[in-house]
Amino acid sequence: MRVISYTVPPEQDGRRIQSLLSSALFCSGTLIKRLKTRPGSVLVNGVPAVRLVDPVWAGDRIDADVDDEEPIPETRHCRLPIFYEDVDLLILDKPAGMAVHPAGLTELSGTVAEELSAYLGGRALHPVNRLDRGTSGLMCVAKHAYAHDLLRRALHQTMTREYRAIVVGEGLPPEGVIDLPIDREEGSAVRRWIVPDGAPARTRYEVLESGGGHTLLRVLPETGRTHQIRVHFAAIGYPLAGDWLYGQEDPALIPRPALHSFRIRMTQPITHQTIDITAPLPDDMAGILALMR
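Residue 4 is where the sequence shown starts when you use our numbering, and the numbers rise one by one after that.
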């Protein structure tokens, strides 16, 4: 159960309940349909609403239970490091090499989905920012569909997602913006590349330090295309260290693309609390940094 509340202001006097659920509380059409089928899920002044098409008046209080999934067990354990958690979401530190979802339809073993399914009592996984299997770092997961809708709305508007990347080469300008459209590469099921009529993609970066033929970057993607950071830096001649798909494989240095989700900063969309979490570089990227110095 997760109850959200709204007191009808004078300017909304006479509006229908379902209209306010949509416009004021940002409930999706799917959620509103589910609320209609669950008796007692919407209260007006403490009394169950019989019909969501009924009007409400200034000063009325609407309470809606927006979480109809299975209750989360009180006693539980997660093997993944959880850096932040509240009733609506959690932020975990995903290790490199772990997929978010299973590749097959039934195989869950060794995935974020498996770990969180057990931790959250069998609930569906609602990832907000998806990370590739090879990417480490912070990942935000909503605990219910309503929180997921709000967080996805904020993802490219008010949420700051900051990465650390180590690229091959030195000499990048101290800061810059890569604004190149991305789409699936013709003839490949996996690779993306720069395509003139592809989806808009924009990445900001700042050089933090360089040496030993590599550069450490602060990276802030402004869009969320598949492989965006990897494609953008490869396209300008600075592929990520260890990126076998867009650069050159170098297992002796690092067995995966040197990309880490370092920071998530956002306003919790229901409580409006400011959340600002960072995760330190994992050992493999810290090792490259030591060689650079």
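Heads up, the beta-carbon is just placed ideally off N, CA and C, and yes, glycines get one too.
All figures in this text were calculated on a predicted structure; none of them were measured in a lab.
Subject >> Pairwise C-alpha distance: residue 82 and residue 258 >> reply: As a working note, residue 258 is residue 255 in the sequence shown. As a working note, residue 82 is residue 79 in the sequence shown. Going from the Cα of residue 258 to the Cα of residue 82 covers about 23 Å.
**OP:** Would you kindly work out how many angstroms separate the C-alpha atoms of residue 104 and residue 127, rounded to a whole number?
**Re:** Position 101 of the sequence shown holds residue 104. Position 124 of the sequence shown holds residue 127. If I take the Cα positions, the gap works out to 11 Å.
**OP:** Starting from residue 155, trace the alpha helix (DSSP H) both ways and give me its first and last residue.
**Re:** The residue given as residue 155 occupies position 152 in the sequence shown. Segment 148–157, the alpha helix (DSSP H) holding residue 155.
Subject >> Separation of residue 225 from residue 276, as counted between CA atoms >> reply: Here residue 276 refers to the residue found at position 273 when the sequence shown is read from its first residue. Here residue 225 refers to the residue found at position 222 when the sequence shown is read from its first residue. Going from the Cα of residue 276 to the Cα of residue 225 covers about 23 Å.
Original post:
So does the region 241–254 actually touch the region 263–273, counting three or more Cβ pairs closer than 8 Å?
Top reply: no
Original post:
beta strand (DSSP E) containing residue 277: first to last residue?
Top reply: As a working note, residue 277 is residue 274 in the sequence shown. Here the beta strand (DSSP E) through residue 277 covers 277–281.
Subject >> Exposed unless 16 or more other CB atoms sit within 10 angstroms - verdict on residue 26 >> reply: Here residue 26 is taken as the residue at index 23 of the sequence shown, counted from 1. Looking at its Cβ environment, which holds fewer than 16 other Cβ atoms inside 10 Å, residue 26 is exposed.
Subject >> Element boundaries [alpha helix (DSSP H), containing residue 32] >> reply: The count along the sequence shown starts at 1 and reaches residue 32 at position 29. Run containing residue 32: 32–40, per the alpha helix (DSSP H) assignment.
Original post:
In chain order, what residues of the same chain have a beta carbon less than 6 Å from the beta carbon of residue 51, not counting five sequence neighbours either side?
Top reply: The residue given as residue 51 occupies position 48 in the sequence shown. 43.
**OP:** Quick one: give me the first and last residue of the alpha helix (DSSP H) that residue 26 is part of.
**Re:** As a position in the sequence shown, residue 26 is number 23, starting the count at 1. 20–26 is the span of the alpha helix (DSSP H), which, as asked, contains residue 26.
**OP:** Give the DSSP-derived three-state secondary structure of residue 122 in the structure shown.
**Re:** Against the sequence shown, residue 122 aligns to sequence position 119. Residue state, collapsed to three classes: helix.
**OP:** Return helix, strand or coil for residue 130, following the three-state DSSP convention.
**Re:** Within the sequence shown, residue 130 is the residue found at index 127, counting from 1. Three-state result, residue 130: strand.
Original post:
Among 99, 62, 6, which one has its Cα closest to the Cα of residue 284?
Top reply: If you number the sequence shown from 1, residue 284 lands on position 281. Per the Cα distances, 99.
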